[in-house]
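Chemist: Next up is a structure, given as structure tokens.
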Amino acid sequence: MSFLLRSIVELANLPDLRYLYLQENLFIGRVPPELGTLENLPHLDVGNNHLVSTIWEGGFSVLRNLYLDNNYLGGGIPAQLANLTNLAIL
């Protein structure tokens, strides 16, 4: 995981965050699971990075828009996506 990606874990301390745009930052690794605590976050864009996995333990309960384009994601679609009942854009 890149240094920058580890540092965005601190964003989990912003419970009222509504839009998180992290595209084109050269992040390496995976979406930090701590961001799943942002229960009021409907929009997350992590496109155009070097992410290899989006696996998280839970959270993102109100997520409506999730952008993962142009990363290095492999394997199948994570089963956790089925829990995102508000998801409209993937």
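Residue 16 in my numbering sits at position 18 of the sequence shown, with consecutive numbering throughout. For glycine and all other residues, C-beta sits at the position ideal for the given N, C-alpha and C. The structure presented is a predicted model; accordingly, all values stated were derived computationally and were not measured.
1) Can you list, in chain order, the residues of its chain whose CB lies under 7 Å from that of Tyr19, leaving out five sequence neighbours each side?
2) Could you tell me the boundaries of the beta strand (DSSP E) in which Leu12 lies?
3) Does DSSP put Leu49 in a helix, in a strand, or in coil?
4) Go through its chain and collect everything with a Cβ distance to Glu22's Cβ below 8 Å, but skip five positions before and after it.
5) Leaving out the 5 sequence neighbours to the left and right, which residues in its chain are closer than 8 Å to Tyr70 when beta-carbon positions are compared?
6) To the nearest angstrom, report how far apart Asn81 and Leu61 are at their CA atoms.
Modeler: In terms of the structure at hand:
1) Taking the first residue of the sequence shown as position 1, residue 19 is located at position 21. Once the five neighbours on either side are set aside, the close Cβ partners of Tyr19 are Asp43.
2) Taking the sequence shown and counting its residues from 1, one reaches residue 12 at position 14. Segment: none, Leu12 is in no beta strand (DSSP E) and carries neither H nor E.
3) Locating residue 49 in the sequence shown gives position 51, where the first residue counts as 1. Here Leu49 sits in strand by DSSP.
4) Locating residue 22 in the sequence shown gives position 24, where the first residue counts as 1. Contacts found: Gly45, Asn46, Asn47.
5) Taking the sequence shown and counting its residues from 1, one reaches residue 70 at position 72. So the list reads His48, Leu49, Val50, once near-sequence residues are dropped.
6) Stepping through the sequence shown from its first residue, residue 81 is reached at position 83. Stepping through the sequence shown from its first residue, residue 61 is reached at position 63. Distance between the alpha carbons of Asn81 and Leu61 is about 10 Å.
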